[in-house]
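Residue numbers (the numbering used here): 11 to 500.
Spelled out as structure tokens, the structure:
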């Protein structure tokens, strides 16, 4: 193994920064070549967690001893000539809504504060089978409800770029951990923006894949295509690396797509000359967007023109998307949490109670109309993407907001009446069944991150990643790290 130069090893400021901000693709390659040990990488991240996580509160249920033991086993496996998986030796904390055998899965709820599953769910199994080292869990809102990460079990996750601001949610702990250098990769999930919004808020990358690309098991409703698991990372290539081990069919998931995940590990270089791009600053006038978001995103359209793309302002017809999402979400929450409401109403936050009760008011015709309308939305999207290769839009309608409030109550001068209203730019896209990537797009004058949403035709996940990688290479916005604790974050 190549010796680490003096003054740059784990535990030193230079070594810590080099390892905790390194790309996952590069770290994994160096571990496979035995230029780095998994012990070094895991120790550097655990040291970073010790110093930074108390301020950000991104990671919970930590198991440093277990992580170091697994790292030692990973190194010994390579020393014996064993084969290295794509994520061999890389530390990761799993979203606290994803089942982890022998480690608490709380869902951010007092009802599950001491729940320790006896099995890993499928995506956790796949990530660990690829060689990743489990260090803990990432914080979530209560039962993953809402795009601001706070709960009565672990408290509020804070934005590493401004500790007074929200990190988004429900994969807020995952996004904040990536931005703060606490882990190189993160799993997330997305119903109405739960993966994309925190990626936008924390200047990282998040992909909502085509439904079925990453199968879910176990699942209360295996036919559900509104909620999808997906990868998060600091670069598009790193997100693609994680997707490569998460993706692939499983017969227990009836909506899973055929085709292995390995192709996502191929180089993402792409020439965008001639790419047909649609840009919509407000989803066809259907959503208000704060001026701070528009001011960052408008210049990004010119980046695509400079890359040779043909850009027009256009948007698919999203008529009915609001009702479709609200009905299907309410149905999902009542199905998953109706029994909890009956048994422990006072243990649930008011917005969650409201959403479950919305589900109880639904009728059979309500669900039928939503299903038919969603089918029409899908066909409109398919037709739209015969004229365009990708759609560009805001990920979030707002910049990261005050962490002391549950949600912004005004957007673009318009009142927002529920905890869902301000998330329309993400959840209107959710109902289309299309892959959607959040990629760093720049900062407000006050230093708050803003993400660009790149949406492609259904099943065109790889094409969306290639477009995102080309944009990322042309701009480099994701290379700006937060300055936490007066320099530790640099």
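Glycine included, C-beta positions come from ideal geometry on N, C-alpha and C.
How would you label residue i, buried or exposed, when you count the other beta carbons within 10 angstroms and need 16 or more for buried?
| i | result |
| --- | --- |
| residue 58 | buried |
| residue 233 | exposed |
| residue 316 | exposed |
| residue 352 | exposed |
| residue 412 | exposed |
| residue 328 | buried |
| residue 43 | exposed |
| residue 91 | exposed |
| residue 131 | buried |
| residue 386 | exposed |
| residue 125 | exposed |
| residue 30 | buried |
| residue 371 | exposed |
| residue 492 | buried |
| residue 71 | buried |
| residue 463 | buried |
| residue 427 | exposed |
| residue 283 | exposed |
| residue 354 | exposed |
| residue 438 | buried |
| residue 186 | buried |
| residue 489 | exposed |
Which residue comes first and which comes last in the alpha helix (DSSP H) that contains residue i?
| i | result |
| --- | --- |
| residue 85 | 74-89 |
| residue 381 | 374-394 |
| residue 114 | Where residue 114 is concerned, there is no enclosing alpha helix (DSSP H), given that its DSSP letter is neither H nor E. |
| residue 439 | 434-440 |
| residue 61 | 48-66 |
| residue 280 | Residue 280 -> no alpha helix (DSSP H), and no H or E assigned at all. |
| residue 507 | Residue 507 falls outside the range modelled here, since the chain spans only 11 to 500, and no answer is possible. |
| residue 369 | 360-370 |
Regarding residue i and the ligand NAD, is the C-beta to nearest heavy atom distance less than 7 angstroms?
| i | result |
| --- | --- |
| residue 284 | For the structure depicted, the ligand NAD is absent and the ligand set is empty, with no information on it obtainable. |
Helix or strand or just coil, what does DSSP make of residue i?
| i | result |
| --- | --- |
| residue 412 | strand |
| residue 286 | strand |
| residue 334 | helix |
| residue 508 | Residue 508 lies beyond the range of the chain shown here (11 to 500); nothing can be said about it. |
| residue 209 | helix |
| residue 520 | In the structure as shown, the chain begins at 11 and stops at 500. Residue 520 is therefore absent and cannot be evaluated. |
| residue 424 | strand |
| residue 4 | Here the chain has residues from 11 to 500 only, and residue 4 is not among them. |
| residue 104 | strand |
| residue 483 | helix |
| residue 265 | coil |
| residue 312 | helix |
| residue 461 | strand |
| residue 498 | Low confidence applies here, because residue 498 scores a pLDDT of 40, under 50, leaving its location unreliable; read the following figure in that light. Reduced to three states, the DSSP call for residue 498 is coil. |
| residue 99 | coil |
| residue 164 | coil |
| residue 469 | coil |
| residue 305 | helix |
| residue 192 | coil |
| residue 320 | strand |
| residue 328 | coil |
| residue 251 | helix |
| residue 293 | coil |
| residue 6 | The structure shown does not extend to residue 6, since the chain is modelled only from 11 through 500, so no value can be given for it. |
Measure how close the beta-carbons of residue i and residue j come, nearest whole angstrom, since I'm counting them as under 8 angstroms.
| i | j | result |
| --- | --- | --- |
| residue 452 | residue 299 | The pair is not a contact, with the Cβ atoms about 15 angstroms apart (cut-off 8 angstroms). |
| residue 95 | residue 146 | Not a contact, Cβ separation roughly 20 angstroms. |
| residue 278 | residue 479 | 4 angstroms |
| residue 469 | residue 280 | So it is not a contact: roughly 17 angstroms between Cβ atoms. |
| residue 406 | residue 435 | 6 angstroms |
| residue 66 | residue 123 | With a Cβ gap of about 21 angstroms, residue 66 and residue 123 do not count as contacting. |
| residue 106 | residue 117 | 7 angstroms |
| residue 444 | residue 467 | 6 angstroms |
| residue 246 | residue 215 | 5 angstroms |
| residue 205 | residue 198 | 4 angstroms |
| residue 331 | residue 441 | 5 angstroms |
| residue 100 | residue 37 | 6 angstroms |
| residue 189 | residue 212 | 4 angstroms |
| residue 49 | residue 85 | 6 angstroms |
| residue 34 | residue 183 | Residue 34 to residue 183, Cβ: 18 angstroms. No contact. |
| residue 450 | residue 390 | About 29 angstroms; that fails the 8 angstroms criterion. |
Looking at the secondary structure, which residues open and close the beta strand (DSSP E) in which residue i lies?
| i | result |
| --- | --- |
| residue 10 | With the chain represented from 11 up to 500, any question about residue 10 goes unanswered, as that position is not in the structure. |
| residue 216 | 215-218 |
| residue 195 | 195-200 |
| residue 447 | 446-453 |
| residue 1 | Any answer about residue 1 is impossible in this case: the structure gives the chain only from 11 up to 500. |
Is residue i close to chain B? Criterion is C-beta to C-beta, closer than 8 angstroms.
| i | result |
| --- | --- |
| residue 132 | No chain B appears in this structure, which consists of one protein chain only. |
Worksheet item: Is the segment 280-295 close to the segment 395-415, with three or more CB pairs under 8 angstroms?
Response: yes
Worksheet item: Using 8 angstroms as the threshold, is the segment 132-140 in touch with the segment 341-351, meaning 3 or more CB pairs across them?
Response: Flag = no, the segment 132-140 and the segment 341-351 do not touch.
Worksheet item: On the three-pair Cβ rule with 8 angstroms, is the segment 226-246 touching the segment 157-177?
Response: Below 8 angstroms, too few C-beta pairs join the segment 226-246 and the segment 157-177 to call them touching: fewer than three.
Item to complete: Report yes or no: do the segment 382-395 and the segment 148-163 share at least 3 C-beta pairs separated by less than 8 angstroms?
Response: no
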